[in-house]
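The structure appears right after this line, and notes come after that.
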Amino acid sequence: MAKISINMKSGELVEEELIVGIDLGTTNSLVAYAKSGKTNIVKDDSGQNSLVPSVIHFNTQGEIIVGEAAKKNLITSPERTIYSVKRLLGKSYADVKNAEANLSYDIIDQEDQLVKIKIDDVFYSPVSLSAEILKYLKLRIEKHLGRKISKTVITVPAYFNDSQRQATRDAGKLAGLDVLRIINEPTAASLAYGIGLDKEKTETVAVYDLGGGTFDVSILRIEDGVFDVLSTNGDTYLGGDDIDKAILNYWVAENNISKASLVDDKGLNQMLRLLAEEAKKHLSSNAHYKSEDGSFTLDKGTFEALVKPLFDKTINCVEQAVKDADLKVSEIDEVILVGGSTRIPMIKSGLAEYFKKPIYDELNPDEVVAMGAAIQADILAGNTKGFLLIDVTPLSLGIETMGGLMDTIIPRNSKIPVSAGRSYTTSVDGQKNLKVAVYQGERDLVEHNRKLGEFILKDIPPMAAGMPKIEVHFILDADGILKVRASELRSGHSTEVKIKSQYGISEEEMGRMLLDSIKHAEVDMKAKALLEAKNEGRSIVLSSNKFIKQNAEILDPSEIESLHSHMNDLNIAMNGDNKDAINNAMNNLNEFANPLAQRAMDYNIKKALEGTSLKD
Ligand code: ADP
Ligand code: MG
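So in this note's numbering, spot 206 of the sequence shown is number 988, and the numbers just go up one at a time.
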């Protein structure tokens, strides 16, 4: 039955809900959709190619070119042609600096910042570059369907952490997409094969994904329609590109081509790389390769000898993944192949032999992830019945801590229902009340986020600062209702409030909040570091005062004077906005105070041993 919806603003009829699936790959990306239970991968105008190379070229006229047309510039214009941007998503410079030598473009080199890519004098974030690929895919499918789309499901590797997933979502937003769900690539591949659609069945699946530049293997347990990742393993620098390089090196040796001429002649290098890839693909269904002009040849035996070391490496990873999942190889029920490089017959047969069972390879291995994403999208659209939809929180939820910092308790994209808690304490001696202010949003300072409510935890028994144990617990139910409970554990006092988190916020407002958090990430990081330094400084001044009071009898007047002077320096620094100055002043104070603290401790221990009671 077709669904008919009405646009409440215009009163016009709108078409049936369509959610599209996107495989945003390191080497290639694809877009797909499901209609009447059938999945379709959207092809280019020629109707030949479904893969969009994940390559972005910035030409000298300031235009941005994506896909096949961009790929042509990889070798001739490497500094303006970005590939493998997925590797940089959600990463800081410190995370990727060791891999920098492998990149032919410039990345920004400041340790505490998110990676940026430099072209001419402009810096681009991996999020905005990924958004360019997504925009291209959005245009492709809109042209194909003849209508606008916005809702999507995007896939990511199972090993992606929260910030990488977040970055993927942010890229979607930036491309004008509404990312309803991020799902794991191996989960999508299983769905494409219909695994997990039968809720009665419990299965253990190994998904082997050998793409262009990365290899990963995931072991999944599927029970009641829920996909659990038991383990993942792999190598982020192992894939089809390495096979191309091995073939190229073989030809260079065979034909006495000097390495220097390859470096000098980018055109020659590019031609050989493309020929090598062509030979590799040709040998998946033929026994012999010969280039058109006859000067480069490769037979299957030689090719397989070149692939063997790479295959062996992947098997080591598989072995480790199976072990980490606490399983034996014989306990794996199904094996699924993903990634263009699994088209190589030797890899297929090698795996069948290793697992001692036939493997799933009927679907195009470079399309299965996109197909699965489209199936998941169709389930979300409500076109497949009997599936429980697990929803996620659109924005992070947290409370305000010292200095106006946002402390996230439930991160965005958490599956709901969810509950999470965190412990806090007081910052002042004898503090009786604690204000708990609840916020929603992604910025580091609460003033930029959205306040949902606040309440006061009263009657905390008088204790020294840092002694009370206050637990703040968030419970978010399936309807988006948030319950916040604060309890002082030593006294048992607790207060609870109910807040509706999702209501009263429009899609636009949510989008704006997310964009703001991306736009201000750097400024926020700096402001946060300054506030944290100030908080730490304040607590050091407090404890230094206490220390002087308690140990006056064993300190020299000159030592007390110096302590005061260091504390004074710190106070002055804290009045300013220079984080490094505050940290310096803290270090100076600590360095001076540490030997004194040691002396005080020795003195107190000695006194205790003599039978005199310890000071409080
Ligand atoms: P990713 O997931 O990294 O984006 P893909 O799954 O699209 O990448 O895999 C791309 C890789 O697959 C490339 O190295 C390409 O050369 C390789 N490939 C595609 N077809 C074949 C084939 N018939 N035989 C061997 N390798 C292939
Ligand atoms: Mg892939």
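Backbone N, C-alpha and C fix where the C-beta goes; we use that ideal spot for every residue, glycine too.
Between which residues of its own chain and residue i is the CB-CB distance below 6 Å, once the five residues before and five after are set aside?
i	result
Ser1073	Leu1057
Pro741	The structure shown has nothing for residue 741, since the chain only spans 783 to 1398.
Gly803	Ala814, Val935, Ala1152, Ala1155, Ala1156 and Ala1159
Lys1310	Asp1226
Lys933	Ile801, Asp960 and Leu962
Ile901	Phe840 and Arg862
Ala1103	Val999, Ile1001, Ser1013 and Asn1015
Gly1286	Note on Gly1286: pLDDT 48, under 50, position unreliable in the model; the coordinate value appears next. So the list is empty, once near-sequence residues are dropped.
Asp1017	Phe997
Could you check how far apart the C-beta atoms of residue i and residue j are, in whole angstroms? I think they sit under 8 Å.
i	j	result
Gly1154	Ala971	5 Å
Ala988	Val1117	5 Å
Ser1077	Pro1127	Their Cβ separation, rounded to whole angstroms, is 26 Å, which puts Ser1077 and Pro1127 out of contact at 8 Å.
Pro968	Ala940	5 Å
Gly1248	Thr1207	5 Å
Asn1369	Val1323	Rounded, the Cβ-Cβ distance is 14 Å, inconsistent with contact.
Lys1062	Asp1026	6 Å
Ser1040	Asp1106	The Cβ separation is near 45 Å, so there is no contact.
Tyr875	Ile864	Rounded, the Cβ-Cβ distance is 16 Å, inconsistent with contact.
Ser978	Ile1004	Just to set this straight, residue 978 is Gly in the shown sequence, not Ser. Right, the Cβ-Cβ distance comes to about 5 Å (below 8 Å), so this counts as a contact.
Leu1177	Lys955	At roughly 12 Å, the Cβ-Cβ gap does not stay under 8 Å, so Leu1177 and Lys955 are not in contact.
Say yes only if the C-beta of residue i is nearer than 8 Å to one or more non-hydrogen atoms of the ligand ZN, and no if none qualify.
i	result
Asn810	Inclusion of the ligand ZN in the displayed structure is not the case, the ligand content consisting of the ligand ADP and the ligand MG alone.
For residue i, which residues of its own chain have a beta-carbon under 8 Å away from its beta-carbon, when the five flanking residues on both sides are left out?
i	result
Asn943	Gly872
Thr1084	Tyr1032
Ile1342	Ile1330 and Ala1334
Leu1371	Ile1322, Ser1326, Leu1345, His1348, Met1349, Asp1351 and Leu1352
Leu812	Ile804, Asp805, Ile823, Val824, Ser832, Leu833, Val834, Leu919, Asp1148, Glu1149, Val1151 and Ala1152
Gly1186	Leu1227, Val1228, Glu1229 and Leu1313
Whose C-beta lies closer than 7 Å to the C-beta of residue i among residues of the same chain, with five residues either side of it excluded?
i	result
Leu1271	Lys1251 and Glu1253
Thr808	Ser836, Ser866, Lys868, Arg869, Gly993, Gly994, Gly995 and Thr996
Ser1344	Phe1374
Met1184	Ser1209 and Asn1317
His1064	Tyr1071
Glu898	It is worth fixing the name first, because residue 898 is Lys in this sequence and not Glu. The residues are Ile889, Ile890, Phe905, Tyr906 and Ser907.
Could you please give the first and the last residue of the uninterrupted alpha helix (DSSP H) stretch that includes residue i?
i	result
Asp1024	Gly1022 to Glu1036
Ser1344	Pro1339 to Asn1357
Lys1308	Ala1303 to Gln1332
Ala1427	The chain is shown only over 783 to 1398; residue 1427 falls outside these bounds and no answer can be derived.
His926	Pro908 to Leu927
Ser945	Asp944 to Leu956
Ala851	Glu850 to Lys853
Ile1263	Per DSSP, Ile1263 belongs to no alpha helix (DSSP H); it is in the beta strand (DSSP E), Ile1263 to Glu1270.
Gly1401	Because the chain here runs from 783 to 1398, residue 1401 falls outside it and cannot be looked at.
For the beta strand (DSSP E) holding residue i, just list the boundary residues, first then last.
i	result
Arg1225	That residue, Arg1225, is in no beta strand (DSSP E); it is neither H nor E in DSSP.
Tyr875	Premise fails: Tyr875 lies in the alpha helix (DSSP H), Tyr875 to Val878, not in any beta strand (DSSP E).
Ile1191	Leu1187 to Ile1192
Thr1096	Counting along the chain, Thr1096 falls outside any beta strand (DSSP E), though it belongs to the alpha helix (DSSP H) covering Lys1082 to Asp1106.
Ser811	Asn810 to Lys817
Ala988	Glu985 to Leu992
Arg963	Asp960 to Asn966
Glu982	Neither: Glu982 is in no beta strand (DSSP E) and is coded neither H nor E.
Glu1236	Arg1232 to Leu1239
His1255	Ile1252 to Leu1258
Asp805	Val802 to Asp805
Would you identify the three-state DSSP class for residue i, choosing helix, strand or coil?
i	result
Ile786	With a pLDDT of 41 at Ile786, under the threshold of 50, the predicted position of this residue should be treated as unreliable, though the coordinate-derived value follows. Note: Ile786 maps to coil in three-state DSSP.
Pro729	Here the chain comprises residues numbered 783 to 1398, so residue 729 is not present and cannot be evaluated.
Arg1003	strand
Lys1048	helix
Asp1017	strand
Asn1146	coil
Leu870	helix
Ala1382	helix
Phe1078	coil
Ile889	strand
Ser1067	coil
Asn1360	coil
Gly1122	helix
Lys1406	Because the chain is modelled from 783 through 1398, residue 1406 falls outside the range shown and cannot be assessed.
Ala1219	strand
Asp1160	helix
Glu1335	helix
Leu1109	coil
Item checked: Residues surrounding the ligand MG [beta-carbon distance to nearest heavy atom under 5 Å] -> That gives Gly807 and Gly993.
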